[in-house]
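Notes follow the structure.
Protein chains: 2
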Amino acid sequence: MSEASTKAQNLLQGHLGTVEDHLKKGIIPFWFERALDKEYGGFLTNFDEQGKELPCPEKYVNTQCRLIWWFSTLSRRMPNMQKAQELAAQGVDFLIKNFWDEKYGGFYWKVKRDGSELDPAKIVYGESFCIYALSEYTIATGDKRGVEYAAKTFDLLQKYCADTHFGGYYENVNRDWSPEEGGFAGGDRKGLDTHMHLMESFTTLYAASGEPVHKLKLMQVVDLICDKLIDKASGCGLNQFDLGFNSLPAISIKRTWNGERLGEQPADPVDTTSYGHNVELEYLMQMALKTARAGGPKYEAIHKRLLDHAVKHGVDWTYGGVYRDGLRATGEAIVLEKEFWQNSECLVGFLDGYEQFGDERYLEAFGKIWEFVRKYMVIEGVGEWRTLLDREGKAIDGNIGNPWKVAYHTGRSMLECRERLLRLLA
Amino acid sequence: MSEASTKAQNLLQGHLGTVEDHLKKGIIPFWFERALDKEYGGFLTNFDEQGKELPCPEKYVNTQCRLIWWFSTLSRRMPNMQKAQELAAQGVDFLIKNFWDEKYGGFYWKVKRDGSELDPAKIVYGESFCIYALSEYTIATGDKRGVEYAAKTFDLLQKYCADTHFGGYYENVNRDWSPEEGGFAGGDRKGLDTHMHLMESFTTLYAASGEPVHKLKLMQVVDLICDKLIDKASGCGLNQFDLGFNSLPAISIKRTWNGERLGEQPADPVDTTSYGHNVELEYLMQMALKTARAGGPKYEAIHKRLLDHAVKHGVDWTYGGVYRDGLRATGEAIVLEKEFWQNSECLVGFLDGYEQFGDERYLEAFGKIWEFVRKYMVIEGVGEWRTLLDREGKAIDGNIGNPWKVAYHTGRSMLECRERLLRLLA
């Protein structure tokens with residue numbers, strides 16, 4: 001072995017060690033100890049910077065599903081995880097009992113902690129997480145209830161939300177699946193975010209079911225994203241669109257995180273992009289293509305541009321970590337804060353890019369982000385990540401869990417990085 | 427009443443008389459006497475120029491449905507039609523028993539005369555006629571089986587055929603709903619014809635069900651047609667497309683009439699249009715908009731251009747009747763034959779245009795076509811129409827019924843003309 005390759009091996013080995021350490025001593029025990037709602041079943045999601053439980057009056061379908069997904073995937077990827085299967089199963093019980101709409105089908109957007117009704121709207125972002133979690137649950141446990149409800153939800157999306165005029169899916173609908181109003185209710189908007197998550201969930205659904213129609217619709221959403229949701233000029237993801245996929249200035253929409261976080265202003269101007277979404281999109285599409293046994297130079301070129309834009313402009317090569325948002329055309333970062341999910345996803349995506357294209361810059365980017373995350377985001381002695389930091393690493397929102405943030409980004413990041421590092425070292 | 431308006435009234439009254447006469451003495455008794463398959467149930471479709479039964483070894487779903495539709499609609503539009511309801515009902519029995527696919531859902535393309543399996547493919551054109559006929563059947567009879575199977579078929583189309591990449595529907599799929607191969611099997615093509623018939627069937631489905639999702643998908647297909655399937659330059663309908671709705675030279679496709687008729691060559695060049703389809707499209711869209719309680723100047727402008735192109739270039743002002751095909755850009759007619767269905771549909775469409783826009787040319791066109799049809803197409807003493815004539819009216823194909831031609835175009839034309847004439851005279 002040459003000196004250079006020995007050095008690279010040592011570097012990867014070092015990363016694997018820190019990733020496994022954080023997973024085993026941090027994220028896994030954190031959620032094992034706290035996620036179960038012992039009173040009502042399902043999961044608690046709200047924890048402060050010290051991991052102390054905060055009031056959890058509402059249960060959102062997306063975070064309930066993200067924890068079902070987490071415990072399911074954990075149980076098949078790490079040894080001795082019987083307890084994870086039990087936690088996932090009781091999460092599925094709670095979900096089906098309290099979120100499933102017996103009248104119209106589909107899962108409600110949120111319920112009260114005890115499972116009683118709160119917001120019965122059908123939000124495609126949330127339905128997509130149901131498909132994702134329930135499919136993963138069946139893959140992990142063999143319990144067919146998961147894929148059965150996932151497939152029913154998929155069918156409802158095709159019937160009510162698929163847009164046969166323009167392609168893609170309506171994203172915001174009412175309980176009875178009729179389209180929501182426009183404006184803040186989002187009935188007249190489509191976005192990259194929801195369509196990317198549909199790609200993610202259809203990938204897992206197809207892996208669980210093997211049904212050709214799940215693959216067909218998966219590839220339709222992959223190709224839609226490639227053709228309409230990515231800016232041809234810069235190679236970056238666009239953000240929001242009208243129903244006809246004309247790019248629009250992003251606005252806050254009800255029931256999305258930015259619509260709920262206090263003090264968030266609509267992103268402005270229109271020509272911004274999220275480095276984190278771009279890199280997440282790259283590796284989720286890679287996984288979609290691998291699962292569908294598809295691929296080719298068209299997709300590779302798109303992936304390379306997504307990664308290159310982010311590695312050049314999104315990584316903070318001075319302080320480490322990934323910026324929140326930048327301008328598409330010049331790449332210039334304009335929102336310099338460091339948020340947990342973009343950093344989680346960029347860790348995976350850059351390792352994915354290094355594995356795929358062998359470009360050293362991606363591995364360096366991984367190192368630069370991982371160093372920043374370990375130093376500032378991870379809470380020592382507690383085992384999870386803060387929500388939001390300023391550019392230099394000072395906490396803006398130090399809390400660990402909220403109705404949007406559980407183990408999905410951070411935990412998945414560690415599991416996916418671990419597997420990529422193991423492959424690279426093999 | 428002025429002399430001019432008295433003259434117009436007399437003209438309309440005259441048309442009403444000849445239309446009602448042909449309906450009551452021609453088309454209605456023709457099918458009452460011959461359509462029922464007394465041996466196996468369902469309908470016979472093949473008759474020669476004298477109305478004599480020809481061998482009918484195959485039953486196509488489209489013509490079985492067209493006769494279900496015919497007897498259903500007749501029973502609610504004309505008095506004393508109990509027998510029509512009975513004929514429709516036994517047609518529905520035969521359809522559900524022999525065409526419905528218990529394994530994959532949906533209706534087979536064709537069966538043998540006795541109902542045994544022949545071609546179990548799912549062709550969206552055929553599925554659309556099932557939706558159309560079964561919905562009309564429920565409206566006419568109150569038997570809920572119709573709309574129940576229609577709605578199930580609608581759901582299957584949304585799940586398997588709706589294209590979430592480009593919009594619209596895949597048109598040619600296998601028994602298990604997987605897309606057919608490209609080329610002659612048509613898996614890589616979309617067309618105006620199928621999408622226009624989906625608009626037609628979703629209109630009747632929504633009228634029967636009142637379900638908002640049926641209206642939603644109806645308006646999506648209406649708007650898709652307006653935006654992508656009509657040539658912006660000439661205002662005419664385009665013909666065939668790739669999956670992304672790029673206009674392509676028309677080719678013969680398996681299981682479509684032109685693909686089956688001996689000696690038909692692929693239409694060439696690409697820039698042709700069907701005057702008959704254009705005018706049919708106009709009035710079917712009018713009916714769709716009326717049913718959906720939608721409309722507006724955008725649609726009116728499209729309708730006017732469809733009618734004006736056909737009235738100027740498609741009507742044979744010398745010999746009467748409507749030409750088969752012409753060039754989109756110049757309008758020049760290049761296939762001068764006169765076929766039954768284009769003439770049937772133009773009669774309705776031009777009366778529709780006259781009612782809507784008050785333009786005298788449309789009424790003159792109606793007269794010029796109706797005169798030609800009565801003189802050359804209608805078979806005296808037999809009561810139905812020949813299939814195909816040359817420009818001057820000489821029979822090329824004198825037969826009355828075949829696996830594609832029953833009472834749907836001719837009979838609907840007479841019923842729709844009658845209602846428009848009654849309204850105009852009111």
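Residue numbers (the working numbering), protein chains in the order written: chain A, 1 to 426; chain B, 427 to 852. Each residue gets a CB set at the ideal place from its N, CA and C atoms; glycine is no exception.
(request) Thinking S498 of chain B and E553 of chain B are a contact (beta carbons under 8 Å), I'd like their distance in whole angstroms, please. (result) The Cβ separation is near 18 Å, so there is no contact.
(request) Using a Cβ cut-off of 9 Å, pull out every chain A residue sitting near S660 of chain B, in sequence order please. (result) From the beta-carbon of S660 of chain B, no residue of chain A is found nearer than 9 Å; the closest lies around 22 Å away.
(message) Just list the residues that DSSP pairs P605 of chain B with in beta bridges.
(response) Under DSSP, P605 of chain B forms a beta bridge with B:V599.
(request) Starting from T682 of chain B, trace the alpha helix (DSSP H) both ways and give me its first and last residue. (result) Unbroken run through T682 of chain B: none, as it is neither H nor E.
(message) Could you pull the DSSP bridge partners for S673 of chain B from this structure?
(response) B:F667.
(message) Please report the distance separating the alpha-carbon of I651 of chain B from that of S660 of chain B.
(response) Going by C-alpha positions, I651 of chain B is about 15 Å away from S660 of chain B.
(message) I'd like to know whether the C-beta atoms of F621 of chain B and L644 of chain B end up nearer to each other than 8 Å.
(response) Reading off the sequence shown, one finds His at residue 621 of chain B, where the question assumed Phe. At a Cβ-Cβ threshold of 8 Å, H621 of chain B and L644 of chain B do not count as neighbours.
(request) For A588 of chain B, return the contacting residues in chain A, with the cut-off set at a CB-CB distance below 8 Å. (result) For A588 of chain B, the neighbours in chain A by C-beta distance under 8 Å run, in chain order, Q158, A162, T164.
(message) Please tell me whether Y169 of chain A has its Cβ less than 8 Å away from any Cβ of chain B.
(response) Cβ-Cβ to chain B under 8 Å: yes for Y169 of chain A.
(request) Flag this pair as touching only if the region 537–544 of chain B and the region 478–486 of chain B have three or more C-beta atom pairs under 8 Å; answer yes or no. (result) Segment contact: the region 537–544 of chain B against the region 478–486 of chain B, three or more CB-CB distances shorter than 8 Å; contact assigned.
(message) Between which residues of its own chain and T444 of chain B is the CB-CB distance below 8 Å, once the five residues before and five after are set aside?
(response) If we look at T444 of chain B and ignore the five residues flanking it on each side, its Cβ neighbours are W796, R800.
(request) Could you run through the region 327–349 of chain A and flag, in chain order, every residue whose CB is less than 8 Å away from some CB of chain B? (result) Within the region 327–349 of chain A, no residue has its Cβ closer than 8 Å to any Cβ of chain B.
(request) Kindly list, in the order they appear in chain B, the residues whose Cβ is closer than 8 Å to that of W177 of chain A. (result) Going along chain B in sequence order, the residues near W177 of chain A (Cβ under 8 Å) are V639.
(message) Can you list, in chain order, the residues of its chain with a C-beta nearer than 7 Å to that of T471 of chain B? Leave out the 5 residues immediately preceding and following it.
(response) C482, T489, G827, N828, P829, V832, listed in sequence order.
(request) Say whether the region 528–542 of chain B touches the region 581–601 of chain B, bearing in mind that this needs 3 or more beta-carbon pairs closer than 8 Å, one atom from each stretch. (result) With contact defined as three or more Cβ pairs closer than 8 Å, the region 528–542 of chain B and the region 581–601 of chain B are in contact.
(request) Could you have a look at S413 of chain A and say whether DSSP puts it in helix, strand or coil? (result) If DSSP states are grouped into helix, strand and coil, S413 of chain A belongs with the helices.
(message) As a quick exercise: from B:Q646, B:T579, B:G608, B:Y709, pick the residue whose alpha carbon is nearest that of I679 of chain B.
(response) In this structure, B:G608 is the residue among B:Q646, B:T579, B:G608, B:Y709 with its C-alpha nearest to the C-alpha of I679 of chain B.
(request) Using alpha carbons as the reference points, say which of A:A208, A:E282, A:S201 lies closest to C236 of chain A. (result) Taking only the C-alpha atoms, the option nearest C236 of chain A is A:E282.
(request) Taking D649 of chain B as the query, report the chain A residues whose CB atoms sit under 8 Å from its CB, ordered along the chain. (result) Ordered by position in chain A, the residues that pass the 8 Å Cβ test against D649 of chain B are H165.
(message) Would you call the region 511–519 of chain B in contact with the region 566–578 of chain B, where contact means no fewer than 3 C-beta pairs closer than 8 Å?
(response) Flag = yes, the region 511–519 of chain B and the region 566–578 of chain B touch.
(request) Answer with yes or no whether the minimum CB distance from D155 of chain A to chain B is below 8 Å. (result) Interface flag for D155 of chain A against chain B is set, since a Cβ pair is found closer than 8 Å.
(message) Please confirm whether K190 of chain A has its beta-carbon closer than 8 Å to some beta-carbon of chain B.
(response) Nearest CB-CB separation between K190 of chain A and chain B: not below the 8 Å threshold.
(message) Is it the case that the region 378–391 of chain A contacts the region 35–44 of chain A, given that we only count it when at least three CB pairs across the two stretches are under 8 Å?
(response) The region 35–44 of chain A vs the region 378–391 of chain A: no contact.
(request) Can you give me the Cβ contacts of P266 of chain A inside the same chain, cut-off strictly under 7 Å, excluding the 5 residues immediately before and after it? (result) Legend: pLDDT at P266 of chain A = 46, less than 50; position of this residue unreliable, value from coordinates given subsequently. If we look at P266 of chain A and ignore the five residues flanking it on each side, its Cβ neighbours are A250, I251, S252.
(request) Give me the Cα-Cα distance between S201 of chain A and G757 of chain B, rounded to the nearest whole angstrom. (result) The alpha-carbon of S201 of chain A is positioned some 50 Å away from that of G757 of chain B.
(request) Let me know the secondary structure DSSP gives Y575 of chain B once reduced to three states. (result) Y575 of chain B: helix per DSSP, three-state reduction.
(request) Would you decide whether S274 of chain A is buried or exposed? Buried here means 16 or more other CB atoms lie within 10 Å of its CB. (result) That one is buried.
(message) Does chain B have any CB closer than 8 Å to the CB of K217 of chain A?
(response) Answer yes: the Cβ-Cβ gap between K217 of chain A and chain B drops below 8 Å somewhere.
(request) Report the option in B:V648, B:G702, B:A821, B:G746 whose CA atom is closest to the CA atom of G721 of chain B. (result) Distances from the CA of G721 of chain B to each of B:V648, B:G702, B:A821, B:G746 were compared; the closest alpha carbon is that of B:V648.
(request) Express the C-alpha separation of I68 of chain A and T138 of chain A in angstroms, rounding to a whole number. (result) C-alpha of T138 of chain A to C-alpha of I68 of chain A: approximately 11 Å in a straight line.
(request) Taking D231 of chain A as the reference, give the member of A:V335, A:L336, A:H22, A:L327 with the closest Cα. (result) Nearest option by C-alpha distance: A:L327.
(request) Taking all protein chains shown into account, decide if Q646 of chain B is buried (16 or more other Cβ within 10 angstroms of its Cβ) or exposed. (result) Classified as buried, Q646 of chain B has 16 or more neighbouring CB atoms from the shown chains inside 10 Å of its CB.
(request) Ignore the nearest five residues each way along the sequence and tell me which others in A310 of chain A's own chain have a CB closer than 6 Å to its CB. (result) Excluding residues up to 5 positions away in sequence, Y275, N278, V279 lie with their Cβ nearer than 6 Å to the Cβ of A310 of chain A in the same chain.
(request) Compute the beta-carbon to beta-carbon distance between L12 of chain A and L421 of chain A, rounded to the nearest angstrom, for a pair I have assumed lies under 8 Å. (result) In this structure L12 of chain A is in contact with L421 of chain A, their Cβ atoms being roughly 6 Å apart against a cut-off of 8 Å.
(request) Give me whichever residues DSSP pairs with N430 of chain A in a beta bridge. (result) Because chain A is modelled from 1 through 426, residue 430 of chain A falls outside the range shown and cannot be assessed.
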